[in-house]
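S.K.: First the structure, then my questions, so here it is.
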Amino acid sequence: MEMLRSNKKDEEDGGSNPYNHLEKATVLQEARTFNESPINPRKCSQILTKILYLLNQGENFGRTEATEAFFAMTKLFQSKDMTVRRLVYLGIKEMSSIADDVIIVTSSLMKDMTGREDQFRGPAIRALCSITDGSMLQAIERYMKQAIVDKVHSVSSAALTSSLHLCKGNQEIVKRWINEAQEAVNSDNVMVQYHALGLLYHIRKNDKLAVTKLVSKFSKHSLRSPYAHCLLIRIASKLIEEEECGAESQLFEFIESCLRHKSEMVIYEAAHAIVNMKTTPAKELAPAVSVLQLFCSSPKPTLRFAAVRTLNKVAMKHPAAVTACNLDLENLITDLNRSIATLAITTLLKTGSESSVDRLMKQISNFMNEISDEFKIVVVQAIRSLCLKFPRKHNVVMNFLSSMLRDEGGFDYKRAIVNNIIVIIDENPDAKEAGLAHLCEFIEDCEHTVLATRILHLLGREGPRTPTPSKYIRFIYNRVILENAAVRAAAVTALAKFGAQCEDLLPSCVVLLERCQLDTDDEVRDRATFYVNVLKQYQKALNSAYILNGLQVSVVGLERALHQYSQSDASDVPFDMKTVPLETQPIVEQRTVMEPGETVRDKPEKVASTRQDVYAEQLSNIPEFSNLGPLFKSSTKPVELTEEETEYVVRCIKHTFAHYIVFQFDCINTLNDQKLENVTVHLESTDPFEVLKAVPCQNLPYDQPGTTYVLVRLPEDETIVTTTFSCSLKFIVKDCDPNTGEPDDDGYPDEYVLEDIDISVADHVQRVMKPNFGASWEEVGPANELEDTFSLSSVKTLEEAVKNIIQYLGMQPCERSDKVPSGKNSHILYLAGVFRGGHDALLRAKLALTEGGVTMQLTVRSSDPIVSEILVSAVG
23 MEMLRSNKKD EEDGGSNPYN HLEKATVLQE ARTFNESPIN PRKCSQILTK ILYLLNQGEN
83 FGRTEATEAF FAMTKLFQSK DMTVRRLVYL GIKEMSSIAD DVIIVTSSLM KDMTGREDQF
143 RGPAIRALCS ITDGSMLQAI ERYMKQAIVD KVHSVSSAAL TSSLHLCKGN QEIVKRWINE
203 AQEAVNSDNV MVQYHALGLL YHIRKNDKLA VTKLVSKFSK HSLRSPYAHC LLIRIASKLI
263 EEEECGAESQ LFEFIESCLR HKSEMVIYEA AHAIVNMKTT PAKELAPAVS VLQLFCSSPK
323 PTLRFAAVRT LNKVAMKHPA AVTACNLDLE NLITDLNRSI ATLAITTLLK TGSESSVDRL
383 MKQISNFMNE ISDEFKIVVV QAIRSLCLKF PRKHNVVMNF LSSMLRDEGG FDYKRAIVNN
443 IIVIIDENPD AKEAGLAHLC EFIEDCEHTV LATRILHLLG REGPRTPTPS KYIRFIYNRV
503 ILENAAVRAA AVTALAKFGA QCEDLLPSCV VLLERCQLDT DDEVRDRATF YVNVLKQYQK
563 ALNSAYILNG LQVSVVGLER ALHQYSQSDA SDVPFDMKTV PLETQPIVEQ RTVMEPGETV
623 RDKPEKVAST RQDVYAEQLS NIPEFSNLGP LFKSSTKPVE LTEEETEYVV RCIKHTFAHY
683 IVFQFDCINT LNDQKLENVT VHLESTDPFE VLKAVPCQNL PYDQPGTTYV LVRLPEDETI
743 VTTTFSCSLK FIVKDCDPNT GEPDDDGYPD EYVLEDIDIS VADHVQRVMK PNFGASWEEV
803 GPANELEDTF SLSSVKTLEE AVKNIIQYLG MQPCERSDKV PSGKNSHILY LAGVFRGGHD
863 ALLRAKLALT EGGVTMQLTV RSSDPIVSEI LVSAVG
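Per our numbering, the sequence shown starts with residue 23, numbered consecutively.
So this is what it looks like as C-alpha cells:
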C-alpha cells in the first residue's frame with residue numbers, strides 16, 4: 023500500500039518522467055564514460071538516451087560541446103551491444119548538423135552498412151546519408167543501389183527513405199537509381215513497396231507526363247501495399263486538380279474504383295480524395311458519401327471518427343449530399359467518444375431540415391452536459407448557422423441557447439453563446455425581442471465584466487427601437503446599483519442612449535442619471551454628468567453627435583495627431599478633429615472557426631494599427647510627402663496594372679489627402695537576367711489634375727519588390743473628382759548574369775505600358791458606421807438636401823443594384839440595409855460616409871423592382887452643399 027501511495031504521489035508531482043530535470047552540463051560530463059574500457063553497455067545506453075532526449079526537447083548544444091560529445095560517441099563503435107549501437111546511429115543523425123568533422127565516421131558506417139549484421143545495416147544507412155553531401159554521394163552510390171534492392175526489407179526501406187531525403191539537394195544523382203527503385207516497387211513487403219513508389223514519384227514529380235504514366239502503370243497493376251495504394255490515390259488526385267480533369271477521366275475512375283478495395287485504409291483515402299477535390303461535381307459525391315456512411319457504423323472508433331470528420335467538411339459545401347447519412351449521424355450522438363459525438367452533432371446541424379430542428383435541440387440538450395467547454399463552443403457555432411439557415415425556428419434555438427447560458431461553464435463558452443445570440447439578433451429582426459430578453463436575464467447573474475458591458479452596449483443600441491423600450495430600463499439600472507465600476511459605466515451609457523432616442527423616457531432617464539452623479543467611481547460620475555448636460559439641451563443633433571454615434575476616428579491616429587499638436591508651436595489654435603484619420607478595419611484578422619478539441623485562450627484585446635495607420639507612417643517618412651497634411655484615405659485593394667504572367671508586375675494603391683492624391687506603385691521584376699534602376703511611373707496628366715512629382719525606385723533586382731510614388735494635385739474646382747490617367751513604367755535596364763545577379767556597367771532606357779488608372783468618387787469618400795442612421799439623418803438636417811429619381815435599366819435585381827451603388831460610391835451601409843430580404847420588390851438602402859475634407863454625407867436610396875430594371879429615388883444630405891451635388895451627379 024505504501025508503494026502504491028508513493029507511485030500516486032510521483033504521478034501528481036510530475037515525477038513519472040525520469041528525464042524531466044536533466045541538466046545539459048551534467049549529461050555531457052557523464053558522456054566521458056564512453057571513453058572507458060571496457061565499455062559498460064547499460065550505462066552508455068542510458069547516457070545516450072539522455073543526450074537524445076535533450077536534443078529532441080530543443081536544448082541548444084554549442085558546436086564545441088556537440089563535437090566533443092560526437093567524438094566520444096564514436097568510441098562506442100567498438101561495442102557489439104545491439105541497443106548501444108542503434109542509439110549511436112541515432113545520435114550521429116541528430117548531431118550531424120551541429121557537430122564539426124562528422125565525416126570522420128564515414129568508414130565505420132560504410133563497414134556496418136555492408137556488414138553481415140542486418141540489425142546494424144538499416145540504421146547505418148540512415149546515419150550515413152545524414153552526414154553525406156553531394157561530393158561524397160558518388161562514393162557510396164554503388165552501395166546505395168545494392169541496398170535499395172536488398173532482400174532484407176528493413177535495409178531496403180532504410181535505403182529508399184534515405185534516398186528520398188538525398189533527393190532534395192542531389193536529384194540528378196538519385197535519378198540514376200530509378201531502375202533499382204522500380205525493382206523495389208515489385209517487392210512483396212508493404213513498406214518497401216510504399217517507400218519505393220514515393221521515391222519514384224519524387225524523382226519524376228517535375229515531369230507531369232512521367233507522373234501520369236506512373237499512375238497509369240500502377241493503377242492497372244494492383245499494388246499489394248495499402249500504403250502505396252493511398253499514395254497513388256493522392257498523386258492521382260493532385261494530377262486531377264492540376265489538369266482540371268472531369269469525373270469522366272481515367273484518373274477519377276481509378277480513384278472511384280478504390281472505393282471497392284479490400285483495405286479500409288484505401289477505401290477511406292479514395293473517399294476523402296473524391297469529396298475534397300474542387301473539380302468533383304456534387305452528383306459524383308454519392309459513392310464516396312455512401313462509403314463514409316458505412317464507416318459511421320464501424321466498430322472501430324478511428325474509422326467512425328474519420329468518416330464523421332470528413333462528412334462534416336462535406337456538409338459545409340454540399341449539405342444535401344450528406345442528408346442521406348442523417349440517421350447514422352444521429353446514432354453517433356450517443357457515441358462514447360466525445361469527439362465523434364461532437365462532430366456528428368455539428369454535421370447534423372448543417373444538414374438537418376427545418377422539421378428536424380426541434381428533435382435535434384432535444385437530443386443535444388442531453389449531450390451537452392457530458393462534454394468539455396471546447397466541444398460545447400464548436401456545437402454552439404454550428405447552432406448559429408442552423409438558426410441563420412432556418413430563421414423561423416429562432417424561438418427554439420433562442421430557448422436552447424438561454425438554457426445553456428444558465429448552465430455551468432467558463433468565460434469562453436459563455437462568450438460564444440452571447441456572440442451567437444447577438445449575431446442572430448442582427449441577422450433576424452423577428453428574434454430581437456426574445457434575444458434581448460434572454461440577455462437581460464443573463465446579466466442579472468453574469469460574473470464576467472466583458473460580457474456584461476457588451477450586452478449593455480447592445481441594449482443601448484437595440485433596446486430603444488423595440489415596441490416597449492421601457493421594460494429594459496430596470497435591468498440596466500440594476501447594474502448601476504449592483505455591479506462593479508466598469509459595468510456601472512456601461513449601464514450609464516446605455517441609459518443615456520434610451521433617453522436620447524425615446525422622448526417619453528427622457529425625464530425618467532435624466533432622473534436616474536442624476537442619481538449616478540453621486541457614484542463613488544469618477545468614470546461613472548463623469549459620464550453621468552456629461553450625458554445629463556447633453557440630454558437637458560433637448561436637441562436631436564447633439565444627442566446624435568455626442569451620445570448615439572460618438573467618435574469615428576482612429577485611436578492610433580488620434581494619439582499621433584495629439585502628440586504632433588502638443589509638440590507644435592501653434593498651441594494657441596484649437597485642435598481640429600478633422601485632422602485625425604477616420605477609423606478603418608485593423609490589419610489583424612481574427613479567426614472565428616474552431617476545430618473540435620482546439621483550446622480556447624482569452625487573449626487581451628489590444629488597439630491594433632489599421633492598414634491606413636501603417637500607410638500614414640510610411641508616407642510621413644518620405645520627405646516629398648511630409649507637408650501634405652493628414653492622410654484621409656488609402657484604397658483597401660490594390661489595382662492590378664499588369665497581368666500576373668508578364669515581365670513586370672505592378673500594383674497601385676491610392677492615398678487621398680485633402681488636396682492631393684499619392685499613387686503608390688508596388689513593382690516586381692520577374693526577369694532574372696535584368697536589373698532595373700531609376701524606376702518611375704509616368705502619368706499622362708489631364709487638366710485640371712496636375713502631376714507634381716515622382717519619387718523613383720532606385721533599384722529593382724529580380725524578384726524583389728520595390729515601390730515608386732507619384733504625387734498629383736487635385737483640381738481647385740471641388741465638383742471635379744473623377745478622371746482617368748494613362749500610365750507607363752519607365753526605367754533603366756542593366757543586363758545581368760542570372761546565376762550571380764551581377765549587372766553590367768552600362769544600361770539603356772526602356773518603358774513598359776501599363777493599364778489605365780481611374781480616380782472615382784469612392785476614392786474621395788471614407789466609410790463610417792452610423793449605429794443610428796435616423797438620428798444621424800436628423801443631425802445633418804435638410805439644409806443641403808438634394809433628391810432625384812433614376813432608372814437603373816442595366817440592373818435586373820435589387821441585390822445587384824445595392825451592390826453596385828455601394829461599390830461605386832464607396833460608402834458604408836448602415837442598419838444592415840445592404841441585405842435585401844428574399845422575395846421583396848422594394849428596399850431602402852442607407853449609406854454613410856465622410857467626404858474628403860471632413861464633410862459628413864448620408865444617402866437614402868429607395869429601390870423598386872420594375873419590368874425595365876430598378877427605379878431608384880435618391881436622397882442625399884451633407885454638411886457641405888457641394889458634396890451633395892457631387893454624390894447625386896455621380897449616380898446620374
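For each residue, glycine too, the CB sits at the ideal point set by N, CA and C.
None of these values were measured; they are calculated from a predicted model.
(1) Compute the beta-carbon to beta-carbon distance between Y111 and P145, rounded to the nearest angstrom, for a pair I have assumed lies under 8 Å.
(2) For K676, which of C409, A308, H786, I386 has the nearest alpha-carbon?
(3) Using C-beta distances below 6 Å, list every residue in its chain close to L159, excluding the 5 sequence neighbours before and after it, in chain order.
(4) How long is the line joining the alpha carbons of A863 and I754, rounded to whole angstroms?
(5) According to DSSP, simplified to helix, strand and coil, what is E430?
(6) By the three-class DSSP mapping on this structure, what secondary structure does E837 have?
(7) Which residues in the same chain as I120 place their Cβ atom closer than 8 Å to its Cβ, once the five residues preceding and following it in sequence are excluded?
(8) Determine the direct distance from the alpha carbon of A292 to that of S209, and round the result to whole angstroms.
(9) Would you mind stating whether I465 and R501 have Cβ atoms separated by less than 9 Å?
(10) Let's see if you can read the secondary structure: which residues bound the alpha helix (DSSP H) around A583?
(11) Measuring CA to CA, which of R148, V212, M213 is closest to H187?
(12) What does the alpha-carbon distance come out to for the pair N334 and M878?
(13) What first and last residue would you give for the alpha helix (DSSP H) that runs through K190?
(14) Is Q215 near A250, with beta carbons less than 9 Å apart?
(15) Find out if the Cβ-Cβ distance for the pair I447, E396 is shorter than 9 Å.
(16) Mapping DSSP to helix, strand and coil, what is F711?
(17) Considering only the alpha carbon of each residue, which of R838, M426, P718 lies closest to K384?
(18) Grouping DSSP H, G and I as helix and E and B as strand, with all else coil, what is Y773?
(19) Starting from K752, trace the beta strand (DSSP E) both ways and give me its first and last residue.
(20) Where does H536 fall in DSSP's three states?
(21) Mapping the DSSP letters down to three states, classify L880 as helix, strand or coil.
(22) Sort N694, A459, V775, E738 by Cα distance to R759 and report the nearest one.
(23) Given a threshold of 16 other Cβ atoms within 10 Å of its Cβ, counted over all protein chains shown, does K628 qualify as buried or as exposed?
(24) What are the start and end residues of the beta strand (DSSP E) that includes F83?
(25) Quick check on the DSSP output: what are the complete beta strand (DSSP E) runs of length 3 or more inside the stretch 689-747, in order along the chain?
(26) Spell out whether any CB of chain B is found under 9 Å from the CB atom of N348.
(27) In the structure shown, what three-state DSSP assignment does F654 receive?
(28) Closer than 8 Å by C-beta to R256: which residues in its own chain qualify, once you throw out the five before and the five after it? Chain order, please.
(29) Report the rounded CA-to-CA distance for E837 versus P793, giving the unit in angstroms.
(30) Counting C-beta neighbours from all protein chains within 10 Å, is the total for V400 16 or more, i.e. buried, or is it exposed?
(31) Under a three-way DSSP split, which group does Q100 fall into?
(32) For V856, does the three-state DSSP call read helix, strand or coil?
(33) If you run the structure through DSSP and keep just helix, strand and coil, what is V615?
(34) Assuming V514 and R476 are in contact, meaning their beta carbons sit under 8 Å apart, how far apart are those beta carbons, in whole angstroms?
(35) Where do the N-terminal and C-terminal ends of the alpha helix (DSSP H) with V824 fall, by residue?
(36) Quick one, which of P887, V743, D122, D709 has its alpha-carbon nearest V805's?
M.R.: On the basis of the supplied data:
(1) Your pair Y111 and P145 checks out as a contact, with CB atoms roughly 4 Å apart and the cut at 8 Å.
(2) With distances taken between Cα atoms, K676 lies closest to H786.
(3) Counting only Cβ-Cβ distances below 6 Å, and skipping sequence neighbours, we find N192, I195.
(4) Each residue's Cα considered, the two are about 46 Å apart.
(5) It is coil, neither helix nor strand.
(6) Assigned with DSSP and collapsed to three states, E837 falls in coil, not helix or strand.
(7) For I120, where only same-chain residues beyond five positions count, the Cβ hits under 8 Å are F83, R85, A88.
(8) Distance between the alpha carbons of S209 and A292: 23 Å.
(9) Going by C-beta atoms, I465 is nearer than 9 Å to R501.
(10) For A583, the uninterrupted alpha helix (DSSP H) run begins and ends at 577-589, by DSSP.
(11) Per the Cα distances, R148.
(12) Straight across, the Cα-Cα distance linking N334 with M878 is about 43 Å.
(13) Per DSSP, K190 belongs to no alpha helix (DSSP H) and is neither H nor E.
(14) The Cβ atoms of Q215 and A250 lie closer than 9 Å to each other.
(15) In this structure, E396 does not lie closer than 9 Å to I447 by Cβ.
(16) In this structure, F711 counts as coil in the three-state DSSP scheme.
(17) Nearest C-alpha to K384: M426.
(18) Contrary to the premise, residue 773 reads as Glu rather than Tyr in this sequence. Shown here, E773 sits in a strand according to DSSP, grouped into three states.
(19) Segment 749-757, the beta strand (DSSP E) holding K752.
(20) The displayed chain sequence assigns Glu, not His, to residue 536. Note: E536 maps to helix in three-state DSSP.
(21) Strand.
(22) What sits at residue 759 in the sequence shown is Asp, not Arg. When only C-alpha atoms are compared, the closest one is N694.
(23) With a pLDDT of only 47 at K628, under 50, the local geometry of the prediction cannot be trusted, and the value read off the model is given with reservation. Exposed is the call here.
(24) Careful: F83 lies outside any beta strand (DSSP E) and carries neither H nor E.
(25) Here the runs fully enclosed are 696-705, 712-717, 719-722, 728-735, 745-747.
(26) Structure shown: chain B not included; a single protein chain is present.
(27) In the three-state reduction of the DSSP assignment, F654 falls in the coil class, being assigned neither a helical nor a strand state.
(28) Cβ contact annotation for R256 (same chain, cutoff 8 Å, sequence separation greater than five): E291, A295, in chain order.
(29) Spanning the two alpha carbons is a distance of roughly 7 Å.
(30) It is buried - the Cβ of V400 has at least 16 other Cβ atoms within 10 Å.
(31) Assignment of Q100 by DSSP, reduced to helix, strand and coil, places it in the helix class.
(32) DSSP places V856 in strand when its eight states are reduced to three.
(33) For V615, the predicted structure reports a pLDDT of 36, less than 50, and the residue's modelled location is therefore unreliable. A value from the coordinates is still provided. V615 carries a coil assignment under DSSP once its states are collapsed to helix, strand and coil.
(34) In fact, because the Cβ distance is near 15 Å, the residues do not count as touching under 8 Å.
(35) Per DSSP, V824 belongs to the alpha helix (DSSP H) from 820-831.
(36) Val is not the amino acid found at residue 805; the sequence shown has Ala there. Comparing alpha-carbon positions, the option among P887, V743, D122, D709 lying closest to A805 turns out to be P887.
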